[in-house]
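2 protein chains.
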Amino acid sequence: MTKSAELSNKQQLVMDLLEKKPNPMSAYMILDQLRDSGFRAPLQIYRALEKLIGMGRVHRLESLNAFIACSHISCEKGGATAFVICDRCENVQEVCDESVSLFLAGLTQKAKFRASKSSIELHGICNACEEA
Amino acid sequence: MTKSAELSNKQQLVMDLLEKKPNPMSAYMILDQLRDSGFRAPLQIYRALEKLIGMGRVHRLESLNAFIACSHISCEKGGATAFVICDRCENVQEVCDESVSLFLAGLTQKAKFRASKSSIELHGICNACEEA
DNA sequence: CAATTGACGTAATGTTATAACATCACTATT
DNA sequence: AATAGTGATGTTATAACATTACGTCAATTG
Ligand SMILES: [Zn+2]
Ligand SMILES: [Zn+2]
Ligand SMILES: [Zn+2]
Ligand SMILES: [Zn+2]
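Order-wise, the sequence lines are chains A and B. So for the first sequence, numbering that gives the first Met the number 0 puts the first residue at 0; every next one is plus one. So for the second sequence, numbering that gives the first Met the number 0 puts the first residue at 0; every next one is plus one.
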C-alpha cells in the first residue's frame, strides 16, 4: 500500500493489490479482483503491469505467467534477482544477493554475451510445507 | 535425427524437427511444420513434447513459451541447465557446467528448500550479433 | 481372459497476451 | 488561445498458448 506519486490511479490500484497478496497473481486474477474498481479489460491490467515492472516494483514470474510485488525496497538498482517458488503454498522468496549477480556475470562472460534481462526461477517445496 | 527405439512415431517426428532447428519453436510452430506428417491438433504436439521433456531430450524455455532440443548428449544426468538466449538471432546456448549446479545448491541451501525444477534464462544480444 | 497401461484422435474449452483504433488529460510551445 | 506532444485510458477483437474431457486401440501382464 506504499503511496507513490508517480503512479496513476489505475497503476496504484494494481500495485496495492499485489502488495496485499503474498503470492503471485495472474493478470486475469488481478482483473477479477479489480472489476469493481473500474477495470474491464485485460489490456488495462497489462498496461499497468508493464509500467510497474519497468519501475522495478513488480516482477513477472515467467514460469508461472504471474506477477508479484517486489519484496525489496525495489530491485531497480541491484537488478538481478532469483525467485524460489514453493509449488505447494505458492510462497515466493526473492533472492537478490551477490551470489546471483556473480553467477550471472560468470555466465555472460563465458557465453560472450551482453545481457539485458534475466529470469531465474527455482521450483520445489519450501521448508514450512516440508515439515507440515 | 538421432534414432531412439524408445520413441513412438509421432514423438520421433517432433524430436527430429527440433533437432533440425537450432532455434526454439513454439508448439504451434511445430504443429504447422508437421501437418503433413499427420499432426492435426495442438494436443498431439504437447503430448509428444511432454514425453521428450521427461526424457531430457527437449527443454522448455519458459520465457519464450517455446521448446528446443537438448544440445548435450542429454541433460538427464547433470540436471541443472542455464539458457543464454539472443533476442536478435534467437540462438540459444545451453550452459550445463558446475557453476550452474553450485549456484543452485547455494540457493536451495539459503532458502531451505527442496528443489524439483529450475528455470534459468538469460536474454540479451550474442557476440555474433553485436559485431554484425 | 480381464485389467492395466500408454499412445492416439478429436472437439471443445480455458488461459494468457497483444493488435488496432479512438479518446482524454496534461503540459509545453507558439 | 491555439497547437502539438505525451502518456494514460477505453473498447473490441483476435492471436497465441495450453488443457480438459471423452473415446479408441494395441501391447503387456497377472
Ligand atoms: Zn525485487
Ligand atoms: Zn510452501
Ligand atoms: Zn540439455
Ligand atoms: Zn545473436
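Note that beta-carbon positions come from the ideal geometry of N, C-alpha and C, so glycine has one too. Every value quoted in this text rests on a predicted model; they were computed, and no experiment measured them.
Tell me the DSSP secondary structure of residue 113(B) in three-state form. Within the second sequence, numbered from 1, the residue matching residue 113(B) stands at position 114. Residue 113(B): strand per DSSP, three-state reduction.
Is residue 25(B) helix, strand or coil when you go by DSSP? The sequence position of residue 25(B) within the second sequence is 26, counting from 1. In the structure shown, residue 25(B) sits in coil (DSSP, three-state: anything other than H, G, I, E or B).
By how many angstroms is the C-alpha of residue 90(A) removed from the C-alpha of residue 34(A)? The count along the first sequence starts at 1 and reaches residue 34(A) at position 35. The count along the first sequence starts at 1 and reaches residue 90(A) at position 91. Taking the straight line from one Cα to the other gives about 25 Å.
Three-pair Cβ contact test at 8 Å for the segment 100 to 110 of chain A versus the segment 91 to 109 of chain B: yes
Indicate the three-state DSSP secondary structure (helix, strand or coil) for residue 123(B) in the structure shown. Walking along the second sequence from the start, residue 123(B) turns up at place 124. DSSP places residue 123(B) in strand when its eight states are reduced to three.
Would you say residue 37(A) lies against chain B (beta-carbon separation less than 8 Å)? Within the first sequence, the letter at position 38 stands for residue 37(A). No, its Cβ sits nowhere closer than 8 Å to a Cβ of chain B.
Please say whether residue 126(B) and residue 116(A) have beta carbons closer to each other than 8 Å? Taking the first residue of the first sequence as 1, we reach residue 116(A) at position 117. Taking the first residue of the second sequence as 1, we reach residue 126(B) at position 127. Contact: no.
Relative to the C-alpha of residue 60(B), which residue among 19(B), 121(B), 71(B), 11(B) is closest? Translated into the one-based positions of the second sequence, residue 60(B) becomes position 61. The candidate whose alpha carbon is nearest that of residue 60(B) is 121(B).
Would you say the beta carbon of residue 90(B) is closer than 7 Å to some non-hydrogen atom of ligand 4? Within the second sequence, the letter at position 91 stands for residue 90(B). At least one heavy atom of ligand 4 is nearer than 7 Å to the Cβ of residue 90(B), so yes.
Per-residue contacts from residue 48(A) into chain B (C-beta, under 8 Å): Against the first sequence, residue 48(A) aligns to sequence position 49. Under the 8 Å cutoff, chain B gives no residues; its nearest Cβ is about 16 Å from residue 48(A).
Let's see if you can read the secondary structure: which residues bound the beta strand (DSSP E) around residue 61(A)? Residue mapping note: residue 61(A) aligns to position 62 of the first sequence, counting from 1. Careful: residue 61(A) lies outside any beta strand (DSSP E) and carries neither H nor E.
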